[in-house]
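Contents: one structure, followed by commentary.
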Amino acid sequence: MEAKANEKSLALQKLREREPQTIAEVIESRGETTVVLARRDLVRICEFLMQDQALAFDFLSDICAVDRFPMEPRFEVNYHLLSMQRRDRVRIKVRLSGSDAVLPSVTGIWPTANWHEREIFDLFGIRFEGHPDLTRILMPDDWEGHPLRKDYPVEGYR
Amino acid sequence: MATLETQSGPAEPMILNMGPQHPSTHGVLRVILELDGEVVLKAKPVIGYLHTGIEKSCESKTYSQAITLTDRIDYLAPLSNNLCYCLAAEKLIGLEVPKRAQYIRVLLTELTRITSHLVWLGTHAIDLGAMSVFLYSFREREEIMKIYEYVSGQRMMTSYFRIGGLALEPPPDWLDRVRRVVENMPGHIDEYENLLTKNRIWEARTRGVGVLSAKDAIAMGASGPMLRGSGVNYDTRKAFPYSSYDEFDFDIPVQTAGDCYARYLVRIAEMRESLKIVKQAMEKIPPSGPFRAEAPGIIPPSREEMKTSIEGLIYHFKIFTEGFAPPPGEVYQAVESPRGELGVYMVSDGSPKPYRVHFRAPSFVNLQSLPLLCEGRLLADVVACIGTTDIVLGEVDR
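Read top to bottom, the protein sequences are chains Y and B. Quick note: to get the numbering used here, add 635 to the position in the first sequence (first position is 1). Quick note: to get the numbering used here, add 915 to the position in the second sequence (first position is 1).
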């Protein structure tokens, strides 16, 4: 697939050149580019985006999960990448089904992912394989349930 | 590191619990310290004591109602949070904010930066023993909070920015009060510098303490003065200008040492730069004009319109009972808060309530680097390191 004329994102262009088969979906909206990947390609593509000299996405701004219950795939995990030198942002999205909410951890690529992944585990119940310390971070250690899921009531259970 | 040979064998490290109730943790932060004498072997921050579920609560409120929740996230710079949230919502809807409102937003946000840095300076200094600075910086902060009260009715949790502009028209002579602050402030910042910058004790407690290399800062996601104190010249206001920041002339202070002293210098310089921006904004704000965008169905009509025209009444009713629904989609909007990159990730599903609002809190991410700053150093340096990360627990825990 060659690059489309109106796509300004360098990350997207390079991904289309190198590994077009990993791109499940592209969303261009409100000036932002989102690339949807499959779980198996996540770590490889993130490493590429971070280490490639021309792209240099060395800063992971944020990881954020969304619960689409009762729709399947239930969870979306968004990685907001920033290249400080090129002043460019891109969003990488991975969709997960509710019964198989596991993702490989990216703490090996961006150490800052540590607490973000812990927060997502705590509030959504998505597990990150390879995370050095996947424990609750905001809720008390003995809490049951994952509060930010859509089937968890906003007023809580007590 | 010397270990003592005791009668029962080599001495073990001691686990010391710092917090969550502690005057120097600037909030309910718990740090579990493993000490060998006075040397910190390991520091583990434990958070969550101020978690109030703001992100979950935003999902059950309309877009406009959630603005009051955003004040409470970084409660020392409430207007920054308001701004970020409103910009994200405006990006989601595709709304253009009038220039006058944008300039007023910039002016008030820069005043917020000054108040936040004043609190940081006062508390950081008092932790390290320089007690007078605390009283002086809070005296200055009082003047700015009086301006907030004059303009919005509230000293701290102003919620003054709304989607599309401002909540109210500011009073006609408010800029005179801002001018008085701008005239007096540089002298006060000189006072603080006279007390601290060349002070031998201050330098001994902050030079070489809590060093964060540029590479580590970027890897750990540090932003704001944590990043600029380590030599990385990056500021969201310059990289991704928002709210007309590209029309203002200001510099980004950067230091290279990466220690507490460097971050101190960066924040002092940022206060001076903020004053520059406030002065420019005062010149740019047109004396009259719209303070909120015109968007029937999204922005409520004025009271007069609501009372005299049927369309006004209908729009008012619809907006305040049902709310407005942005088209489905997602945005990530970042601003430069006094602590670093504050981001709002907002997802809309086409209903009047946000489907997901996530706040990328700079303090949450900066606090992750605390072990890197304190490990291997003395216990007294932990206090300096916590102060220099300038954390606000409301933001860390949300």
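Cβ atoms here follow ideal geometry from the backbone N, Cα and C, with glycine treated the same way.
Assigned secondary structure, residue i (DSSP; H/G/I helix, E/B strand, else coil)
i	result
I662/Y	strand
P1277/B	helix
K959/B	strand
A638/Y	At A638/Y, the pLDDT of 40 sits below 50, so the modelled position is not reliable; the number obtained from the coordinates is stated separately. Residue state, collapsed to three classes: coil.
I1058/B	The question names Ile, yet the displayed sequence has Glu at residue 1058/B. Residue state, collapsed to three classes: helix.
E1230/B	It is Tyr, not Glu, that sits at residue 1230/B in the sequence shown. Three-state result, Y1230/B: helix.
G1309/B	helix
R753/Y	helix
F1076/B	strand
E654/Y	coil
Q1248/B	strand
E1011/B	coil
D777/Y	coil
V1272/B	strand
F710/Y	strand
F1235/B	helix
S1052/B	helix
P1140/B	helix
L783/Y	coil
S734/Y	helix
G791/Y	coil
R1324/B	In this structure chain B extends from 916 to 1313, so residue 1324/B is not present and cannot be described.
Y990/B	coil
W1117/B	helix
Y1065/B	helix
Contact under 8 Å by Cβ, residue i with residue j
i	j	result
A958/B	V943/B	no
R1143/B	V1169/B	yes
M774/Y	P782/Y	yes
A981/B	V1259/B	no
E1310/B	I1029/B	no
I1301/B	H941/B	yes
L731/Y	R762/Y	no
Y1000/B	T985/B	yes
K1268/B	V789/Y	no
R886/B	I1062/B	The question about residue 886/B has no answer, for chain B in this structure spans 916 to 1313.
V1066/B	P1086/B	yes
V725/Y	F692/Y	yes
I698/Y	V678/Y	no
P1241/B	V1181/B	no
F1155/B	R722/Y	yes
V1299/B	T1038/B	For clarity, residue 1299/B is Ala in the given sequence; the question names Val instead. Cβ distance not < 8 Å, so A1299/B and T1038/B don't count as in contact.
E1064/B	S1189/B	no
Y1176/B	E1118/B	yes
First and last residue of the uninterrupted alpha helix (DSSP H) at residue i
i	result
D702/Y	Note, D702/Y: premise wrong, no alpha helix (DSSP H); beta strand (DSSP E) at F694 to D702.
N997/B	P993 to I1008
Y1107/B	W1089 to L1111
M1186/B	C1175 to K1199
G1255/B	Per DSSP, G1255/B belongs to no alpha helix (DSSP H); it is in the beta strand (DSSP E), G1255 to S1263.
L684/Y	L677 to Q686
I982/B	I982 to T985
I1133/B	A1129 to A1134
M1221/B	R1218 to T1223
K971/B	I969 to C973
R1152/B	T1151 to A1154
Endpoints, the beta strand (DSSP E) within which residue i is located
i	result
K612/Y	This structure cannot settle anything about residue 612/Y, because the visible part of chain Y is limited to 636 through 793.
L738/Y	V737 to P739
R762/Y	R762 to E764
L1288/B	Unbroken run through L1288/B is the alpha helix (DSSP H), L1285 to C1289; no beta strand (DSSP E).
T669/Y	E667 to L672
Cross-strand partners of residue i (DSSP beta bridge)
i	result
E715/Y	The sequence given here places His at residue 715/Y; Glu does not occur at that position. Beta-bridge pairing links H715/Y to D697/Y and R726/Y.
R1122/B	Per DSSP, none; premise fails for R1122/B.
M929/B	L950/B
T921/B	G924/B
R945/B	V961/B
L1293/B	V954/B
L1026/B	DSSP, once it has assigned bridges, lists no residue as partnering L1026/B.
R1207/B	G1080/B
Below-8 Å beta-carbon distance, residue i vs any chain D residue
i	result
Q1283/B	Among the chains of the structure shown, chain D does not appear; the protein chains present are Y and B.
Any non-hydrogen atom of the ligand PLP within 7 Å of residue i CB
i	result
S1052/B	Only the bare structure without any ligand can be found here, which leaves the ligand PLP out of the picture.
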